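See below for the structure under consideration.
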Amino acid sequence: MKCHNTKSRGLPKSAPDDIRILLMGNPNVGKSVIFSKLTGVNVMAANYAGTTVSYTEGDIHYGRKTATLIDVPGTYSLDATSPAEEVAVNFLEDGANVIVCVLDATNLERNLNLALQVKHKDIPVVYALNLIDVAESKGIQIDVDKLEKELDAPVIPTIATRNVGLKELLDKTWERALKDPVPTEPTHISHDERWAEVGRIVENVQIVEHRHPTFWERFGDLAVQPIPGIPIAILVLALSIGFVVGGGQGIRATILLPLLNNVYVPAITTFVSSFVPEGILLNVLVGEYGVLIKGIEWPFFLILPYVALFFIVMSFLEDSGYLPRLGILLDSILRQIGMTGSNVVPMVMGYGCAVPAILGTRAATSKKQRLMITGLVALAVPCVSQTGAFIALLGDQSVFALVFVFLTSLIALMVAGAIMNRLIPGENEPLLMEVPNLLKPNSNALVQKVWLKIKQFVYDAQGPLLLGILFAALLVETGLLLVIANVLEPLVVGWLGLPKEASLALMLGIVRRELAVLPLLALELTTLQLIVGSLVGLFYLPCITVLAVIFKEFHFRLAIYTLLFTTLTAFIFGGVFNQVARLLGFQ
Amino acid sequence: MDLANYRKGKPCIIEHMPKNNLLNSMGIREGSRVSIKSRQLFGGPLVIQYGSRCLAIDKKIAEKIKIKEV
Ligand SMILES: Nc1nc2c(ncn2[C@@H]2O[C@H](COP(=O)(O)OP(=O)(O)OP(=O)(O)O)[C@@H](O)[C@H]2O)c(=O)[nH]1
Ligand SMILES: [Mg+2]
């Protein structure tokens, strides 16, 4: 999944005879699904508006010819209102040989409004009438032949997730691309004239019958009523957390730990020591911080079970269309801290990884919201790897500590949000958000999505983790750790009340968030120390990748502020908490 | 009457509303037929239905949208 890239891989800039095909349409109509199916390049698709926030290019083939297909963010009109919409509009201004305009059959009126704007651009258009399965279940029938006549261009009914109609869409697109364009004058009509035209077309081509609402439709309606919406939200949250924590603990206890301790560790240790003599090298490979021990144990045996289960839950939530509904329920609370319900999607994504969450803010319409989400995610939202590390560290020893750490992170979100709301200038944006159809996630798409996310996770995490562990092994084996630990002793031991060796976590935590937590596993800490160590890890600087993304999306200054502010918060809060708890007699 | 205070579930027609490009291109404009699907606690947004689709709009915006019953 390309969700961690700001841009797609660099294809050679188009030669003059290169055929460029642009996918345009309203948000959340299935453009990215169509793109992935036609090009084989997997891009993120999810059931809410604003999934795609930058462009991706991919090749499509027809006989011996190749063309570049471009997926851009969805847009409600050609007057962009967010950085994401701007990307789409700019691509249209740059021109293309053909536009594939994707229409949502469940919302023809609004989609035609954009279609007519695109049509007047003097670029040949092919229309994909997508989501006809959902339209049918809602009793919406659209006369495709009549619509073709009205739009004076091919209209192909499609069900993108099930590959229906995509072959024909591709054929028609190529037909248009290879035909010499007939120059037409771009026309301008006023808003009102266009809406009148849209109204006339819809009247002419669409018939709506009353249908009994499906289970998913009814559920979607109930989920936005305060009652039973709020109980439903609590249930969804509880089930999700139970699934990830309980499931992860179960998998680890029954399968992974026995496999690790009885099979993997003895086997690899015997194997390596059969040809590596005792000494530093052996210890670096299979010793206390052995790269082949911790470098496998931490990512695969500790973190991955939680990560994989989290990806399953997240993908289900993303594809069902539930998240924007949660946003509607939470809007009035979020408003207290200067955010809106539409920020729930990037915030929830932050519990996976801060990078897509920060990039996802490009779909937000105000700069203030972008800054708020970025700051909050960087400070107090643990990413999924760190959450896995928390569960591994605290879950067995003290469930209380685990709950406490997560409650603290929620309270910190509210407090930091309230403060940032005061500090960052700008008005509170009123909420204006599309409510997607609540859909039963397509099981093939779901499996593929989870698999891609896991692959991406392993790919992203394994390198930095191995480097971090190698670094740790060298520090330990060369005795350098002791030297550094002595320097940091006043902070780590005196102020935070942790053992000296915990300074390793502070050093490794710069690389990845979970590495600020995992080294504590070996230290036999008291409950108070576990909580302090976790709180420091939670508020400590986000990983280096996140700082780099903040630098790229905003400016260098903001990255430095984030670095200083998060680290200071971690030390001040962790230390004060420790000192107060000790004064009160906790150990 | 304004949309924010209108009865839930009954269709109405928008008579007058402030200029808002995003709302307009989402399909909410003078003459649109809409109905209220839900209200939230503590002055949260309204979910309104138009055609077969729904939109969440801030109560503050809804208060400025004047409607008439049908
Ligand atoms: N049932 C059904 N679901 C579909 C169909 N096409 C797309 N979807 C789902 O609709 C949702 C939106 O698809 P995307 O491809 O992310 O939409 P998009 O147009 O790229 O959206 P933005 O990037 O936000 O503009 C996803 O959850 C898809 O799985 C379809 O034909 N039938
Ligand atoms: Mg997309």
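These protein sequence lines are chains H and W, in that order.
As numbered in the working numbering, the first sequence has no gaps in its residue numbers, which increase by one up to the final residue, 2085.
As numbered in the working numbering, the second sequence has no gaps in its residue numbers, which increase by one up to the final residue, 235.
Just so you know, even glycine gets a beta-carbon here, dropped at the ideal spot from N, CA and C.
The structure displayed is predicted, hence computed values, not measured ones.
Legend entry - Neighbour flag for Ala169(W) against chain H, beta carbons, 8 Å: Taking Cβ atoms only, chain H never reaches closer than 8 Å to Ala169(W), which makes this a no.
Inset, instruction - Could you name the residues of chain W that Asp1641(H) contacts, counting a contact when the two beta carbons are closer than 7 Å? - result: Under the 7 Å cutoff, chain W gives no residues; its nearest Cβ is about 17 Å from Asp1641(H).
Legend entry - Closest by C-alpha distance to Gly192(W), when choosing among Lys202(W), Ser203(W) and Ile179(W): Ile179(W) is the residue among Lys202(W), Ser203(W) and Ile179(W) whose C-alpha sits nearest the C-alpha of Gly192(W).
Legend entry - Proximity of Met1474(H) and Gly1836(H) at Cβ, strictly below 8 Å: What is shown of chain H runs 1499 to 2085, which leaves residue 1474(H) out entirely.
Inset, instruction - Determine the chain W residues that contact Pro1516(H) at a beta-carbon separation under 7 Å, and present them in chain order. - result: Residue identity check: residue 1516(H) is Asp in the sequence provided, not Pro. In chain order: nothing, as chain W lies at least about 31 Å away.
Legend entry - Cβ contact (3+ pairs, closer than 8 Å) linking the region 1541 to 1557 of chain H and the region 1854 to 1863 of chain H: The region 1854 to 1863 of chain H and the region 1541 to 1557 of chain H touch, with three or more beta-carbon pairs separated by less than 8 Å.
Inset, instruction - Could you round the C-beta distance between Ile1699(H) and Val1600(H) to whole angstroms and report it? I think they count as a contact, below 8 Å. - result: About 17 Å separates the CB atoms of Ile1699(H) and Val1600(H); that is not less than 8 Å, and the two are not in contact.
Legend entry - Interface residues of chain H facing Pro210(W) [CB-CB closer than 7 Å]: Those are Ile1826, Asp1829, Gly1839 and Leu1929, listed as they occur along chain H.
Inset, instruction - From the DSSP output, read off the bridge partner residues of Val1662(H). - result: The beta-bridge partner set that DSSP reports for Val1662(H) consists of Ile1657(H).
Inset, instruction - Quick one: which residues of the region 1606 to 1631 of chain H get their C-beta closer than 7 Å to a C-beta of chain W? List them in chain order. - result: When CB distances to chain W are screened at a threshold of 7 Å, the residues of the region 1606 to 1631 of chain H falling below it are Glu1607, Arg1608 and Asn1611, in chain order.
Legend entry - chain W contact for Asp1557(H) (CB, 8 Å cutoff): For Asp1557(H), the answer is no, since every Cβ of chain W falls outside 8 Å of its Cβ.
Legend entry - Sequence-distant residues of its chain with Cβ nearer than 8 Å to Val235(W) (five each side left out): Here the set comprises Pro176, Cys177, Ile178 and Arg198.
Inset, instruction - Report the rounded CA-to-CA distance for Ile1597(H) versus Tyr215(W), giving the unit in angstroms. - result: Each residue's CA atom was taken as its position, placing Ile1597(H) and Tyr215(W) some 28 Å apart.
Inset, instruction - Would you mind sorting Tyr1574(H) into buried or exposed? The rule is 16 or more other CB atoms within 10 Å of its CB. - result: Buried, since its Cβ has 16 or more Cβ neighbours within 10 Å.
Inset, instruction - Compare the Cα-Cα distances from Asp1650(H) to each of Val1662(H), Glu1634(H), Asp1631(H) and Asp1620(H) and report the closest residue. - result: Comparing alpha carbon positions, the residue from Val1662(H), Glu1634(H), Asp1631(H) and Asp1620(H) closest to Asp1650(H) is Asp1620(H).
Inset, instruction - Go ahead and pull the three-state DSSP assignment for Lys202(W). - result: Here Lys202(W) sits in strand by DSSP.
Legend entry - Local conformation of Ile2008(H) per DSSP, three classes: Reduced to three states, the DSSP call for Ile2008(H) is coil.
Inset, instruction - List the endpoints of the continuous beta strand (DSSP E) containing Val1551(H). - result: Premise fails: Val1551(H) is in no beta strand (DSSP E) and is neither H nor E.
Legend entry - Euclidean distance between Cα positions of Leu1996(H) and Leu2004(H): Rounded to whole angstroms, Leu1996(H) to Leu2004(H) spans 12 Å at the Cα level.
Inset, instruction - Buried or exposed for Phe1589(H), please, with buried defined as at least 16 other CB atoms from any protein chain shown within 10 angstroms of its CB. - result: When all chains shown are included, Phe1589(H) counts as buried.
Legend entry - Residues of the region 203 to 231 of chain W whose Cβ lies closer than 7 Å to any Cβ of chain H, in chain order: Along the region 203 to 231 of chain W, the positions whose C-beta sits under 7 Å from a C-beta of chain H are Ser203, Gln205, Leu206, Phe207, Gly208, Gly209, Pro210, Val212, Gly216, Ser217, Arg218, Cys219, Leu220, Ala221, Ile222, Asp223, Lys225 and Ile226, read in chain order.
Inset, instruction - Could you say if the region 1714 to 1728 of chain H and the region 1747 to 1754 of chain H meet the contact criterion of at least three C-beta pairs nearer than 8 Å? - result: Short answer: they don't touch.
Legend entry - Collapsed DSSP secondary structure at Pro1934(H) in the structure displayed: Under the three-state reduction of DSSP, Pro1934(H) is assigned to coil, being neither helix nor strand.
Legend entry - Inter-stretch contact (C-beta, 8 Å, three-pair minimum) for the region 1947 to 1965 of chain H and the region 2009 to 2029 of chain H: Under the three-pair Cβ rule at 8 Å, the region 1947 to 1965 of chain H counts as touching the region 2009 to 2029 of chain H.
Inset, instruction - May I ask you to list the residues that DSSP assigns as paired with Asp167(W)? - result: Answer is Lys231(W).
Inset, instruction - Give the interface partners of Tyr1574(H) over in chain W, defined as CB-CB distance under 7 Å, in chain order. - result: Leu187, Ser190 and Met191, listed in chain order.
Inset, instruction - Below 8 Å CB to CB, which residues in the same chain sit around Ser1907(H) once its five sequence neighbours on both sides are set aside? - result: The answer, listed in chain order, is Ala1878, Val1879, Pro1880 and Leu2036.
Legend entry - 7 Å Cβ cut-off: residues of chain W touching Trp2107(H): In this structure chain H extends from 1499 to 2085, so residue 2107(H) is not present and cannot be described.
Inset, instruction - Provide the residue(s) that pair with Lys1563(H) in DSSP beta bridges, ordered along the chain. - result: Paired residue(s): Tyr1560(H).
Inset, instruction - Return yes when at least one heavy atom of ligand 2 lies under 7 Å from the C-beta of Lys1535(H), else no. - result: Short note on Lys1535(H): C-beta not closer than 7 Å to any heavy atom of ligand 2.
Inset, instruction - Check whether the Cβ of Ile1917(H) lies closer than 8 Å to any Cβ atom in chain W. - result: At least 8 Å separates the CB of Ile1917(H) from every CB of chain W.
Legend entry - Ala1578(H) beta carbon near ligand 2 (any heavy atom closer than 7 Å): No.
Legend entry - Distance between Val1897(H) and Gly1556(H) (C-alpha atoms, nearest Å): If I take the Cα positions, the gap works out to 47 Å.
Inset, instruction - Classify His1502(H) as helix, strand or coil using the three-state DSSP reduction. - result: Residue confidence is low: His1502(H) scores 42 on pLDDT, short of 50, so the model does not pin down where it sits. No coordinate-derived value is stated.
Legend entry - Heavy atom of ligand 2 within 7 Å of Asp1569(H) beta-carbon: For ligand 2, at least one heavy atom lies less than 7 Å from the Cβ of Asp1569(H).
Legend entry - Cβ of Val1722(H) within 8 Å of any chain W Cβ: Yes, contact with chain W.
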